[in-house]
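Visitor: Mind looking over this structure? Questions follow.
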Amino acid sequence: MAHARCLAELEMLDMASRDILETQIFWKEQSRRIANDLLLAENPERLLFSDFAKDVPVSTLAEWLDFSYGEEKGYNWIDELRGKPRPWYAEDGYVEVGKGAAKVTSSLFNVASRYTGKVIEKDIDRQQAKVLPSFQKLVARNNVLEGYVEQYRLLEISGTTPMEFKAKIASIAESKAVDGYLILEPSSKIEMD
4 MAHARCLAEL EMLDMASRDI LETQIFWKEQ SRRIANDLLL AENPERLLFS
54 DFAKDVPVST LAEWLDFSYG EEKGYNWIDE LRGKPRPWYA EDGYVEVGKG
104 AAKVTSSLFN VASRYTGKVI EKDIDRQQAK VLPSFQKLVA RNNVLEGYVE
154 QYRLLEISGT TPMEFKAKIA SIAESKAVDG YLILEPSSKI EMD
């Protein structure tokens, strides 16, 4: 980003815009690889379970999946993920098991869960401590980089360096601010690609 800023200050706005775009493209490719290979792994549907309901709202999950897979599906991802787990009424499932066998299976499960419970807790803790925050950071950084790409594109179109833009903003009267913020609007329509 510092490289792009230097290019922009040297009035090489086209090169600055291209540089930040190339940086963003490279970063997005690598962060998507991390998200897909390490964070989502082979079972992204696990994020639909109640273990994550409090920490990952459906809107956040949809945003993460849009980012990870590079497709804007929004809430349609939820329908896609719902089809991945084993069906509730599977042919080989609980419905076909007799009551006696169900009691034995239940007892065995309770004994096994005493020994594996700690392992499951550790995995859930790892997911909540490492995976979820990492995902949030990847998506947030991507959004910031996309903002920089657009900012440098606008600077290129207007032929303005970052310092010139900053000076123009500083020259606007404080009385024009709304709740301490300046709301900018182009004086003419800018054509975007």
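First residue of the sequence shown: 4, per our numbering; consecutive thereafter. Beta carbons: idealized from backbone N, C-alpha and C, even for Gly.
#1: Rounded to a whole number of angstroms, what is the C-alpha to C-alpha distance between A11 and L41?
#2: How about I23 and A5: do their beta carbons lie closer than 8 Å?
#3: If you count every other CB in all the chains shown that lies within 10 Å of the CB of E188, and 16 or more means buried, which is it?
#4: Return the CA-CA distance between L158 and R49, expressed in angstroms with no decimal places.
#5: Is DSSP giving Y155 helix, strand or coil here?
#6: What three-state label does DSSP hand V59 in the structure shown?
#7: Assuming M200 is part of the alpha helix (DSSP H), what are its boundary residues?
#8: Does the pairing of the stretch 78-91 with the stretch 59-67 give three or more beta-carbon distances under 8 Å?
#9: Given a threshold of 16 other Cβ atoms within 10 Å of its Cβ, counted over all protein chains shown, does L13 qualify as buried or as exposed?
#10: Kindly indicate which residue of S53, Q139 and R129 has the alpha-carbon position closest to the one of R35.
#11: Since S53 is in the alpha helix (DSSP H), which residue starts that stretch and which ends it?
#12: Apply the 10 Å Cβ neighbour rule to P47 and answer buried if 16 or more other Cβ atoms are within range, or exposed otherwise.
#13: Here's the rule I'm using: 16 or more other beta-carbon atoms within 10 Å means buried, otherwise exposed. How should R156 be labelled?
#14: Answer with buried or exposed for S161, where buried requires no fewer than 16 other C-beta atoms within 10 angstroms of its C-beta.
#15: Over what stretch of residues does the alpha helix (DSSP H) that includes E75 continue unbroken?
#16: Beta-carbon separation of S71 and L51 under 8 Å?
#17: Between which residues of its own chain and D17 is the CB-CB distance below 8 Å, once the five residues before and five after are set aside?
#18: To the nearest angstrom, how far is it from the Cα of A132 to the Cα of L141?
Guide: Straight from the coordinates:
#1: 36 Å
#2: no
#3: exposed
#4: 43 Å
#5: helix
#6: Coil, per DSSP.
#7: Any answer about residue 200 is impossible in this case: the structure gives the chain only from 4 up to 196.
#8: yes
#9: So L13 counts as exposed.
#10: Q139
#11: Boundaries cannot be given for S53, as no alpha helix (DSSP H) includes it and DSSP labels it neither H nor E.
#12: buried
#13: buried
#14: Taking every protein chain shown into account, the CB of S161 has fewer than 16 other CB atoms within 10 angstroms, so this residue is exposed.
#15: Note, E75: premise wrong, no alpha helix (DSSP H); not H, not E.
#16: no
#17: E159
#18: 15 Å
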